[in-house]
Every structure is written in structure tokens, then in C-alpha cells.
Amino acid sequence: MAKKIQIAIDGPAGAGKSTIAKIVAEELGFTYIDTGAMYRAVTYKAMKENIGLSDEKSLEKMLMNTSIVLKPSPNGQLVFLDGEDVSQQIRSNEVTANVSEVAAHPIIREILVAKQQELAANGGIVMDGRDIGTHVLKDAELKIFMSASVEERAKRRFIDNEKRGIPSSIESLKEEIAKRDKLDSEREASPLIQAEDAIYLDTTHLNIEEAANEILKLANEIMG
């Protein structure tokens with residue numbers, strides 16, 4: 434029986450990580466974990482409860498009384514926050530614009546990273562985020578750093594928003610993505626950087642299937 438490995442996929446906002454990670458997990462019969470959804474859930478709850486996003490202590494207190502459960506479904510991963518399905522709400526423009534600020538708090542990362550490591554302990558996992566290969570799953574057998582041009586990422590986010598019925602413009606998305614890149618790569622706690630042993634995958638000119646196939650090929654090589 435093939436070894437159930439850990440696959441870590443990192444990269445900036447809009448690189449297609451989640452979509453591609455889901456396909457890879459499905460093809461291999463692995464569990465998919467979208468770590469970004471966990472940070473989005475925390476951001477959504479803080480905004481709903483009017484907690485200052487820069488107030489680390491209050492966010493920590495809130496998180497200690499928060500349940501975040503990820504469940505697979507035929508339509509992708511569902512996110513339950515305190516028992517309520519918030520899968521759609523956490524994808525709003527407002528949450529997207531503020532999640533990097535919440536994710537920059539060291540204590541919030543510490544709490545969520547511990548939960549992510551627990552979920553991945555037995556392998557057979559595909560996890561995507563900003564610091565998976567460098568921080569969460571340092572010993573993952575396969576690490577991918579996935580990126581694409583800002584223009585391409587804005588275009589993909591625009592199409593995704595259209596499908597969800599979320600109004601947006603390419604120009605504002607380009608600005609938002611560039612701002613998130615800056616915040617994510619310059620934060621003190623686990624910044625967005627490529628792990629030394631990660632394989633760089635530029636998806637600017639690849640479609641979803643092509644990018645997923647590249648990762649599947651690498652995974653199958655490792656698993657023999």
C-alpha cells in the first residue's frame with residue numbers, strides 16, 4: 434500500500450491553491466485542509482462581534498471560545514463556525530480585505546497552527562496556506578510554492594466573485610492582491626516565503642487541470 438504522505442501547498446492570494454489542492458486530494462483519496470478558511474472564520478466572527486482586528490488579546494479570548502470545524506462535501510469543503518455553516522459568508526470582499534491583519538497576530542497563528550498539525554498528524558493530507566511548508570508541516574514529503582502574476586490572480590478572483598454573485602472590479606482586485614502580498618510577506622509571524630525544499634510552480638499559463646497534474650505527478654513519484 435502506498436505511503437500516505439503530507440502535501441504542503443503555499444503561495445500568495447489568488448494563485449489557485451485551494452482549487453488545485455482539492456483536486457489533488459480527491460485524486461489521491463487524501464483529506465484536504467484549507468487553512469485560509471480557518472483564518473477567514475476568525476476574521477468573520479471578530480467583525481460580527483465588533484472586536485478590533487488589531488486587538489490581539491481580545492481576538493485570542495474570542496478564539497478560545499470558538500469552534501471551527503472543516504467538513505468535506507460534494508461541493509467542496511464546508512466551514513462550520515460555532516456549529517453554523519459559514520462557507521459562503523467567509524468569502525465576502527470584507528473578510529478577504531481584512532483576513533491578513535488577523536492572520537498576522539502570532540498568538541492567533543499559534544493556536545490555529547496547533548490545530549492544523551493535529552489534523553495532519555496521520556498523513557494522507559493536502560494542506561494549503563501561506564506558511565504550510567515553512568511552519569505548519571515542516572517535514573511534509575512534498576512542498577509546492579504556487580504563484581501567478583498579479584494580473585492573472587486578479588482575473589481569477591474576479592471570475593470566482595462573479596460565480597458567487599460578489600460585485601468586484603479587476604483594478605480593485607489587483608490593488609487588494611498586491612496589498613495582501615505585501616502584508617503576508619512582511620509580517621513577523623511566519624511570513625509568506627518559499628520553503629528551501631519546496632518546488633516552485635508558476636500557474637500563470639497553466640489551467641487548473643494542468644497545475645493539478647504537475648503536483649499529482651510529483652506525489653506519485655514520491656509514493657512510488
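For the sequence shown, my numbering assigns the number 434 to the initial residue and increments by one for each residue that follows. C-beta atoms are modelled at their ideal positions from N, C-alpha and C, and glycine is treated no differently. Predicted model, so just to flag it, every value in this text is computed and none were measured.
Cα atoms of E609 and M656: separation of roughly 38 Å, rounded to the nearest angstrom. For S525, the three-state secondary structure derived from DSSP is coil. By the C-beta criterion, the region 591-607 is judged not to be in contact with the region 547-556, since fewer than 3 inter-stretch pairs fall below 8 Å.
Here DSSP, grouped into helix, strand and coil, assigns K494 to helix. The region 533-543 makes no contact with the region 498-513; the number of CB pairs closer than 8 Å stays below 3.
The beta-bridge partner set that DSSP reports for Y465 consists of V559. Fully contained in the region 555-605 are the following beta strand (DSSP E) runs of length 3 or more, in chain order: 558-562, 575-580. Scanning its chain for C-beta atoms nearer than 6 Å, with the 5 sequence neighbours on each side dropped, one finds around G449 the residues T636, in chain order. Per the DSSP secondary-structure output, A441 pairs in a beta bridge with M560, K576.
Closest option to V528, judged by alpha-carbon separation, among A470, G444, G562, S451: A470. With respect to the 8 Å criterion, I558 and T468 are not classified as neighbours on the basis of their beta carbons.
Residue pairing by DSSP places K615 in no beta bridge whatsoever.
Three or more Cβ pairs closer than 8 Å define a contact, and the region 553-568 meets that threshold against the region 623-635. Excluding residues up to 5 positions away in sequence, S491, L492, M495 lie with their Cβ nearer than 7 Å to the Cβ of I484 in the same chain.
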